[in-house]
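FYI, my numbering numbers position 19 of the sequence shown as 44, with every residue one higher than the one before it. Even for Gly, the Cβ is constructed at its ideal location relative to N, Cα and C.
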Amino acid sequence: MKCPFCASEETQVLESRAVEDGNAIRRRRECTKCNKRFTTYEKTKNNFLWVIKKDGRREPFDKEKLKRGILKAIEKRPVSLDLVDDITDQVEREMLRKEKEEIPSKVIGSAVLKRLKKVDKVAWLRFVSVYLEFDDLKDFEKTIEKNY
Ligand SMILES: [Zn+2]
C-alpha cells in the first residue's frame with residue numbers, strides 16, 4: 026500500500042474496520058516516512074459473485090433481491106422476518122464458501138428451497154415458482170419431485 030503523499034510503501038495500519046456488511050475493510054493508515062494519514066478500502070476476497078440466469082445472462086449476486094424473493098414467498102405466512110434474514114445470510118455464506126465466481130441461479134434457489142421446506146410448505150411452493158423461472162409446468166414438477 027503506497028502512501029498517496031510521498032509514495033513510500035512503508036505504512037502502518039492504525040485501525041481496521043469491516044464495512045459494507047463485511048465485504049470490505051476500511052483501514053486508517055499512517056505513512057512512516059512523511060507521517061501523513063490516509064484511509065484505504067480493501068475489498069475482501071470472494072465478495073463478488075455472479076449469478077448465471079437460466080437464459081445464460083450473468084448478473085451480480087444481489088442479496089437484497091434474494092431477500093425480496095423470499096419475502097414474497099412468505100407473504101401472509103407465519104414466518105418471522107428474522108428467519109428470512111437468517112435464511113438469506115445462510116444462503117449467501119453457503120454460496121461464498123463454494124469459492125466460485127459464478128453460480129447458476131438454480132443452485133441459489135435450491136439452497137433457499139432446502140431451508141424454506143423446513144419452515145413453511147406454502148412459502149416453499151411459492152418460492153419454487155417465483156425464483157426458479159420455469160419454462161413450463163413439467164420443469165416445475167420435476168423440481169418439486171427432486172426437492173420435496
Ligand atoms: Zn508518505
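- Counting along the chain, V104 sits inside no beta strand (DSSP E), nor does DSSP assign it H or E at all.
- Just measuring C-alpha positions, the residue of E89, L91, S41 sitting nearest R53 is S41.
- In this structure, DSSP gives A32 a state outside helix and strand, which the three-state scheme calls coil.
- Restricting attention to beta strand (DSSP E) runs no shorter than 3 residues, the segment 121 to 162 encloses them at 127 to 129, ordered along the chain.
- A residue is listed when its beta-carbon falls short of 6 Å from at least one non-hydrogen atom of ligand 1; in chain order these are C28, F30, C31, S33, C56, K58, C59, K61.
- According to the DSSP assignment, R93 belongs to the alpha helix (DSSP H) that extends over 88 to 98.
- Taking the Cβ atoms as the reference, K88 lies roughly 6 Å from E117, within the contact range of under 8 Å.
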